[in-house]
Amino acid sequence: MGKHTEMDKDAAARIQSAAAKDPESDSAQSGFDSRAQSAADRREDEQDQDRAKDGDGD
Numbered sequence: 000m001g002k003h004t005e006m007d008k009d010a011a012a013r014i015q016s017a018a019a020k021d022p023e024s025d026s027a028q029s030g031f032d033s034r035a036q037s038a039a040d041r042r043e044d045e046q047d048q049d050r051a052k053d054g055d056g057d
């Protein structure tokens, strides 16, 4: 299997932009753009929680 890379805000934005440019694409039709954004949001929330636990939230 391929290398696993976590979704970040920049990658989600690129996917959403590509889907907006070509609404008939497989990615746009499947809803991948919104799933990518959700994954990036989850990752950011998890990182924020980890920072708060470590006392690095300020």
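According to numbering that gives the first Met the number 0, the sequence shown is numbered sequentially starting from 0. Even glycine gets a Cβ: it sits at the ideal position worked out from N, Cα and C.
Check, Outcome
"Where the alpha helix (DSSP H) containing residue 7 begins and where it ends", "Here residue 7 belongs to no alpha helix (DSSP H), and DSSP marks it neither H nor E."
"Separation of residue 53 from residue 24, as counted between CA atoms", "42 Å"
"Where residue 32 falls, given that 16 or more other Cβ within 10 Å makes a residue buried", "buried"
"Under the three-state DSSP convention, the category residue 23 falls into", "coil"
"Through-space distance from residue 35 to residue 22, alpha-carbon basis", "16 Å"
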